[in-house]
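Going by this note's numbering, the final residue of the sequence shown carries number 458, and the count climbs one at a time with no gaps.
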Amino acid sequence: MSTPRQASIVGAGLAGALLAILLARRGWEVDVYERRGDPRLHGYAGGRSINLALAERGLHALRQAEADRPVLERAVMMRGRMVHPLGGTPQLQRYGRDDSEVIWSVSRGELNISLIECAEAAGARLHFDHGLVSVDFERKRATYRGDGQVHERPFACLLGCDGAGSTLRAQMAKWVDLGERTEWLGHGYKELEIPPARDGGFRIEPNALHIWPRGRYMCIALPNDERNFTVTLFMALHDEGHGDPNFDAVDSAADAIALFERDFPDALPLIPELARLYETNPVGSLGTLYLDRWHLGGDAVLLGDAAHAMVPFHGQGMNCAFEDCVALAGHMDAAPDLATAFAAFERERMPDALAIQRMALDNYIEMRDLVDDPDFLLQRELELALQQRHPTRFVPHYSMVTFMRIPYSLALERSEVQRGILVEATRGLDSLDGVDWAAADAMVEARLPPIAAVAAPT
Ligand code: FAD
Ligand code: 8RB
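Rendered as C-alpha cells:
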C-alpha cells in the first residue's frame, strides 16, 4: 500500500484490541483510543463477572494473533446445552460429535486484558481515558476527552471498534446517511449469579451451557473458572398479552422470588442472592443494528458491534467481531488504498453480518421453546444421522455456525435447505424408525453440494 500504514483504532474492547495486534504485527503504526481507564490498573470496568462463549471463529482469529493460549488456559469447556425442563431431570444435548467440537466460556475482563497486553507487546500505542467525542473529517483530526482533559489528534484513518453505542458512527452519520436502524426485540435481560458451593466447587455441571426453557422466556447459565456461574434471565420487557411474566410485572425482589418458585424451582436454591441481585442489576435491552454502509471513503470504517450489533442468542457477537478484524486487516494489507480496502471489507462481511443477525434471532426461539419439543428433538436426531451418512454434505446448523468457518451467509443458506429436508423426512413420524432413508439420501445429494466444493479453504 502506498499511503502511510497508520491507523487509529477507536475502542480497546474485544475487537479494538485484537485488531491492534493484527495490524501492529503487520508493521502498521497503531494508536488505540479507549474511553475507559486501563483495566490492568483499575480492574475491569463494570465489576460484575461476565463470561462469553468463545467458538471456532473467534478462537481461530485469536490463533492468527497468537493470543489463544493465555485465553484457553482459563476457559471452561462447554460440551453441550444442559436443558432443565420444568419438573423434569436435566438432560445434556451435545453440541458436536466429541470433545473436539465444544465451546469455551471465558471471562470478558480476562480476555480483554490478555488482548490489551498482546497489543502493547506487538507495538500498538494504547491511550486510555481517551473517549472519542468528535471528528473533523475535513481536517482529519479527532477530539478525545477523559480525565478532565481534551486531546486533538490527527489521523490517517479511524477504525471504529467502539461498540453498539459507537460515537464514531454518530460522527460519520453527520457526513453521510449510513441508513442506520435498530430493531428492538422487546425482550430484555437481567444478570444473576450462582456462587460456588460451600466446599468451593461448582454447584451444577460445569462443562455445559445451562438452559431453563420456558416457552417465551428462559434462563441460561455459563460457568466461570472461579467456579461460579453467570445466570441471565431473558424475558419480555412489557405485557405481550400472553399472560407471560415480563420485566414490568416482575418488578420487585418478591416478584422475582415468586417467579423463580413457580418457573425455575430447581434454580432458586442455587441463587442465594436472587433478591439483592434482581433489585440492583439493571434490565438490559436487546436489539439488532442494521447499517447500509460501514465506511466513509478511506477515512473511517466500522466493525464489530459498532457496525452490526445483534441479539445474543447464538453467542456469536464477539466471534463475528473477531472474524471482522481478521478480514479487515487482510484487506488493509492487500488493497492499493484504504478506500478500496474498506469497500472490499464491507462487500465481503455485510452479507455475513446480516446472516448471523438473522440466525441469532432464530436461535432465541430454539433455545427458549424448541429444545424440549419432541418434533425438534427428532429432527435433531435425524440431523446427526444424516451427518454420519453424508459428512461432507450435511453438517448440522449449529455446527456450521459454531465449529466451522464457512461464511455465515453460506451457513444460513444451507441450513434453510437442511431444515426443509428434516421436516419432509420426519413428517408424521415420532421416531427415526419410519424414515425413508433412500428418499432422505436422495434429497441430500440433490440439494446439498459437498461443503469443500463450495467453501474455499482459508
Ligand atoms: P465492545 O467489546 O463493546 O468494545 C467497545 C469498546 O469501545 C469498549 O471498550 C468501550 O469502552 C469503548 N468505547 C465506547 N465508546 C467509546 C468512545 N467514544 N471512544 C473510545 N472508546 C469507546 N458474544 C459472543 O460471541 N459470545 C457470548 O457468549 C457473548 N456473551 C455476551 C454477554 C454479554 C453480557 C454481552 C453484553 C455481550 C455478549 N456477547 C457475546 C457480545 C460481545 O460482547 C460483543 O459482540 C463484542 O464485545 C463486540 O466487540 P466490540 O469490540 O465491537 O465492542
Ligand atoms: N449477551 C451463548 C449460545 C447458544 C446456545 C445454544 C446463547 C448474555 C447478553 Cl443467550 C446465549 C448462547 O444454542 O445452546 N452460545 O453462547 C451465549 C448467550 O448469551 C450470552 C452469555 C449473553 N450475551 C446481553 C447476555
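Ideal placement from N, C-alpha and C gives every residue a C-beta, glycine not left out. Computed from a prediction, not measured in an experiment: that's the story for all the values here.
Please return the same chain residues whose Cβ sits closer than 7 Å to the Cβ of residue 405, not counting the five positions on each side in sequence.
For this step, residue 405 is matched to residue 405 along the sequence shown. Contacts found: 56, 57, 60, 458.
Between which two residues does the alpha helix (DSSP H) carrying residue 400 extend?
The residue you call residue 400 lines up with position 400 of the sequence shown. Here the alpha helix (DSSP H) through residue 400 covers 397 to 402.
Identify, in the order they occur along the chain, each residue of the same chain with its Cβ nearer than 7 Å to the Cβ of residue 456, setting aside the five sequence neighbours on each side.
Within the sequence shown, numbered from 1, the residue matching residue 456 stands at position 456. Its pLDDT being 48, under 50, residue 456 is placed unreliably by the model, and the measurement read from it follows with that caveat. None.
For residue 204 and residue 80, what's the separation of their Cα atoms in angstroms?
Along the sequence shown, one-based indexing puts residue 204 at 204. Along the sequence shown, one-based indexing puts residue 80 at 80. Between the C-alpha atoms of residue 204 and residue 80 there is a straight-line separation of about 14 Å.
If I follow the unbroken beta strand (DSSP E) through residue 92, where does it start and stop?
Here residue 92 corresponds to residue number 92 of the sequence shown, with the count starting at 1. Start and end: 91 to 94.
So what does DSSP say about residue 457, is it helix, strand or coil?
The sequence position of residue 457 within the sequence shown is 457, counting from 1. Its pLDDT being 45, under 50, residue 457 is placed unreliably in this model, and the value from its coordinates should be taken loosely. In the structure shown, residue 457 falls within a coil segment according to DSSP collapsed to helix, strand and coil.
Have a look at 396, 216, 379 and flag the residue whose alpha-carbon is nearest the alpha-carbon of residue 432.
Looking up residue 432 in the sequence shown gives position 432. Measuring from the Cα of residue 432, the nearest candidate turns out to be 379.
Buried or exposed: residue 238, going by 16 or more other Cβ atoms within 10 Å of its Cβ?
The residue you call residue 238 lines up with position 238 of the sequence shown. So residue 238 counts as exposed.
At a cut-off of 8 Å, is residue 524 close to ligand 2 when judged by its beta-carbon and the heavy atoms of the ligand?
Look at the range of the chain in this structure, 1 to 458, and you will see that residue 524 is not part of it.
Taking only heavy atoms of ligand 2 into account, decide whether any of them is closer than 8 Å to the Cβ of residue 284.
As a working mapping, residue 284 is identified with position 284 in the sequence shown. At least one heavy atom of ligand 2 is nearer than 8 Å to the Cβ of residue 284, so yes.
From the DSSP output, which residues share a beta bridge with residue 38?
In the sequence shown, the residue the question calls residue 38 occupies position 38. For residue 38, DSSP records no beta bridge to any residue.
Can we count residue 229 as close to ligand 2, meaning its CB is less than 8 Å from some heavy atom?
Here residue 229 refers to the residue found at position 229 of the sequence shown. With a threshold of 8 Å, the Cβ atom of residue 229 does not count as near ligand 2, since no heavy atom of the ligand is closer than that.
Can you give me the Cβ contacts of residue 468 inside the same chain, cut-off strictly under 7 Å, excluding the 5 residues immediately before and after it?
Missing from the structure shown is residue 468; the chain here goes from 1 to 458 and no further.
Using CA atoms only, rank isn't needed, just tell me which of 106, 90, 96 is closest to residue 384.
Against the sequence shown, residue 384 aligns to sequence position 384. The candidate whose alpha carbon is nearest that of residue 384 is 96.
Please report how far the alpha carbon of residue 129 lies from the alpha carbon of residue 42, in whole angstroms.
Within the sequence shown, the letter at position 129 stands for residue 129. Within the sequence shown, the letter at position 42 stands for residue 42. Their backbone Cα atoms lie some 12 Å apart in a straight line.
Would residue 268 and residue 245 be called neighbours here (beta carbons separated by less than 9 Å)?
Along the sequence shown, one-based indexing puts residue 268 at 268. Along the sequence shown, one-based indexing puts residue 245 at 245. No. Outside cutoff.
If you measure from the CB of residue 305, is any heavy atom of ligand 1 nearer than 8 Å?
For the purposes of this step, residue 305 is taken as residue 305 along the sequence shown, with counting starting at 1. Yes, since a heavy atom of ligand 1 falls inside the 8 Å radius drawn around the Cβ of residue 305.
DSSP on residue 207, reduced to helix/strand/coil?
Position 207 of the sequence shown, counted from the start, is the residue given in the question as residue 207. Here residue 207 sits in coil by DSSP.
Between which residues of its own chain and residue 367 is the CB-CB distance below 7 Å, once the five residues before and five after are set aside?
Your numbering for residue 367 matches position 367 in the sequence shown. Excluding residues within five positions, the ones whose Cβ falls inside 7 Å are 211, 213, 218, 313.
Determine the direct distance from the alpha carbon of residue 93 to that of residue 82, and round the result to whole angstroms.
The sequence position of residue 82 within the sequence shown is 82, counting from 1. The sequence position of residue 93 within the sequence shown is 93, counting from 1. Their Cα atoms are separated by approximately 6 Å.
Within 10 angstroms of its Cβ, does residue 174 collect 16 or more other Cβ (buried), or is it exposed?
Numbered from 1 along the sequence shown, position 174 holds the residue referred to as residue 174. It counts as exposed.
What number of angstroms, rounded off, separates the C-alpha of residue 207 from the C-alpha of residue 201?
Translated into positions along the sequence shown, residue 207 becomes position 207. Translated into positions along the sequence shown, residue 201 becomes position 201. Taking the straight line joining both Cα atoms gives about 13 Å.
Buried or exposed, going by whether 16 or more other CB atoms sit within 10 Å of the CB of residue 393?
As a working mapping, residue 393 is identified with position 393 in the sequence shown. Per the 10 Å Cβ criterion, buried.
Going by C-alpha to C-alpha distance, which of 442, 361, 183, 364 sits closest to residue 389?
Counting from one through the sequence shown, the residue named residue 389 turns up at place 389. Checking every option, the nearest Cα to that of residue 389 belongs to 442.
Under a criterion of Cβ closer than 6 Å to any non-hydrogen atom of ligand 1, which residues qualify, in chain order?
10, 11, 12, 13, 14, 15, 16, 33, 34, 35, 36, 50, 52, 53, 131, 132, 161, 162, 163, 167, 304, 305, 306, 312, 315, 316, 317, 318, 319, 321
Going by DSSP, which residues form a beta bridge with residue 31?
Mapped onto the sequence shown, residue 31 falls at position 31. For residue 31, which the question treats as bridged, DSSP gives the partners 8, 125.
With residue 427 as the anchor, note down where its beta strand (DSSP E) starts and where it stops.
On the sequence shown, position 427 is the one that residue 427 refers to. First-last for residue 427: undefined, no H or E at that position.
If we ignore side chains and look at the alpha-carbon of each, how far apart do residue 127 and residue 31 end up?
As a first step, residue 127 is located in the sequence shown; it is residue number 127 there, counting from the start. As a first step, residue 31 is located in the sequence shown; it is residue number 31 there, counting from the start. In a straight line, the C-alpha of residue 127 is about 7 Å away from that of residue 31.
Can you give the beta carbon distance from residue 33 to residue 181, rounded, assuming they're within the 8 Å contact cut?
As a working note, residue 33 is residue 33 in the sequence shown. As a working note, residue 181 is residue 181 in the sequence shown. So it is not a contact: roughly 27 Å between Cβ atoms.
Check whether the stretch 158 to 171 touches the stretch 10 to 20, counting contact only when three or more Cβ pairs, one atom from each stretch, lie closer than 8 Å.
yes
Decide if the stretch 301 to 312 is in contact with the stretch 344 to 361; the criterion is three or more beta carbon pairs, one per stretch, under 8 Å apart.
yes
What residue from 184, 320, 221, 358 has the CA that sits closest to residue 270's CA?
As a first step, residue 270 must be located in the sequence shown, where it is residue number 270. Nearest option by C-alpha distance: 221.
What alpha helix (DSSP H) runs, 4 residues minimum, are completely inside the stretch 160 to 225?
167 to 173
Excluding the 5 residues flanking residue 320 on each side, which residues of the same chain have their C-beta closer than 6 Å to its C-beta?
For this step, residue 320 is matched to residue 320 along the sequence shown. If we look at residue 320 and ignore the five residues flanking it on each side, its Cβ neighbours are 356.
Can you have a look at residue 418 and say buried or exposed, based on whether 16 or more other CB atoms are within 10 angstroms of its CB?
Counting from one through the sequence shown, the residue named residue 418 turns up at place 418. Buried, by the Cβ-count rule.
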